[in-house]
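Take any residue in the sequence shown, note its place counting from 1, add 42, and you have its number in our numbering.
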Amino acid sequence: MKRFKSQVNFFLFVKYNLILTPNLKPFFMKKINSILALLIVFLFIQETFAQEEQSIEHS
Numbered sequence: 043m044k045r046f047k048s049q050v051n052f053f054l055f056v057k058y059n060l061i062l063t064p065n066l067k068p069f070f071m072k073k074i075n076s077i078l079a080l081l082i083v084f085l086f087i088q089e090t091f092a093q094e095e096q097s098i099e100h101s
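Here is the structure:
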């Protein structure tokens with residue numbers, strides 16, 4: 043879960059740096075937001091499966 047949080051923090055960091063870039067069109071911001079949201083969901087699912095596999099291996 044720690045790795046997942048650091049990855050999400052990295053994505054948020056990238057996103058806020060992009061927001062601070064003034065000449066980005068709102069259209070691109072919407073695209074970037076949806077891509078980041080999908081990445082975070084994907085990472086969360088991946089992390090959940092990794093934890094389940096670990097608990098199966100330990101039992």
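Note that CB positions come from ideal geometry on N, CA and C, so glycine has one too. Since the structure is predicted, the reported quantities are computational estimates derived from the model, not experimental observations.
Determine whether the beta carbon atoms of residue i and residue j lie at a separation below 8 Å.
i    : j   : result
I82  : F52 : no
F105 : L78 : Since the first residue shown for the chain is 43 and the last is 101, residue 105 is missing from the structure and cannot be characterised.
Could you give the distance in angstroms between the alpha-carbon of residue i and the alpha-carbon of residue j?
i   : j   : result
L62 : S76 : 18 Å
V56 : E94 : 29 Å
K67 : N59 : 14 Å
I87 : K73 : 21 Å
N65 : M71 : 11 Å
I98 : K44 : 20 Å
For residue i, I'd like the list of residues in its chain whose CB is within less than 6 Å of its CB, leaving aside the five on either flank, ordered along the chain.
i   : result
Q49 : L85
E89 : F46
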